[in-house]
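In the working numbering, the protein residues as written are 4 to 210.
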């Protein structure tokens, strides 16, 4: 472990290796279940990599549990605008395409109103980029699979066993996934440790 990696680990920051930085402008980024406390880190990642394609598989403001507390709709809207500023406007890449499948803690009409430049899907989507097929959903159970396809999902920590899955399955809750276009090579970046605490509302207190 080099010094920069060690510092990132100590400070609970996402470490981006140099080999990944060299992928600037030619990768698709897949993320999922993002609390707003992660947005600043996401902003740095997007500016570093400038991905022309971003996949988000739902729960856009994951610590605002809209599925259980509809009264938080105003807070959800405020946080969404910050996320939009990162994904839609935080780049020199004017051709960026953003694909979002909504999760159980999202509000469809609010998301569509705020993310006007993005492609919003309620449950599932199939997207083709330069010959690569991407299926995406918030839920693993809704993915059709298919040999040779990239299947993107989130929601929980489930990973299918090797003998049951068809295609390539990437859980955006566990890792930030990068897929090179058109080669289809996969790279993964760890979320900061605090992200999962904020997803589950286990905020740390004290030192």
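The beta carbon of each residue, even a glycine, is placed where N, CA and C say it ideally should be.
For the beta strand (DSSP E) containing residue i, name the first residue and the last one.
| i | result |
| --- | --- |
| residue 140 | 135–140 |
| residue 100 | 100–104 |
| residue 211 | Nothing can be reported for residue 211: it is not among the residues displayed for the chain, which extend from 4 to 210. |
How about residue i: is its Cβ closer than 6 Å to a heavy atom in the ligand SAM?
| i | result |
| --- | --- |
| residue 106 | Absence of the ligand SAM is noted for the structure shown, with no ligands found whatsoever. |
Please classify residue i: does DSSP put it in a helix, a strand, or coil?
| i | result |
| --- | --- |
| residue 43 | helix |
| residue 57 | strand |
| residue 32 | strand |
| residue 51 | helix |
| residue 161 | coil |
| residue 145 | helix |
Looking only at DSSP bridge pairs, what is residue i linked to?
| i | result |
| --- | --- |
| residue 156 | 174 |
| residue 131 | 136 |
| residue 122 | 102 |
So the alpha helix (DSSP H) residue i belongs to, where does it begin and stop?
| i | result |
| --- | --- |
| residue 83 | 76–90 |
| residue 113 | 111–117 |
* On the three-pair Cβ rule with 8 Å, is the region 179–195 touching the region 140–147? -> no
* In the region 170–203, which residue ranges form an unbroken beta strand (DSSP E) of at least 3 residues, counting only runs that do not cross its ends? -> 171–174, 179–183, 189–192
* Assess, as a yes-or-no matter, whether the region 152–159 is touched by the region 112–119 under the definition of 3 or more beta carbon pairs within less than 8 Å. => no
* To do: Assess, as a yes-or-no matter, whether the region 53–60 is touched by the region 22–30 under the definition of 3 or more beta carbon pairs within less than 8 Å.
  => These segments touch.
* Touching by the beta-carbon criterion (3+ pairs, under 8 Å), the region 72–88 and the region 38–53 -> Using a C-beta cut-off of 8 Å, the region 72–88 makes contact with the region 38–53, since at least three inter-stretch Cβ pairs fall below that distance.
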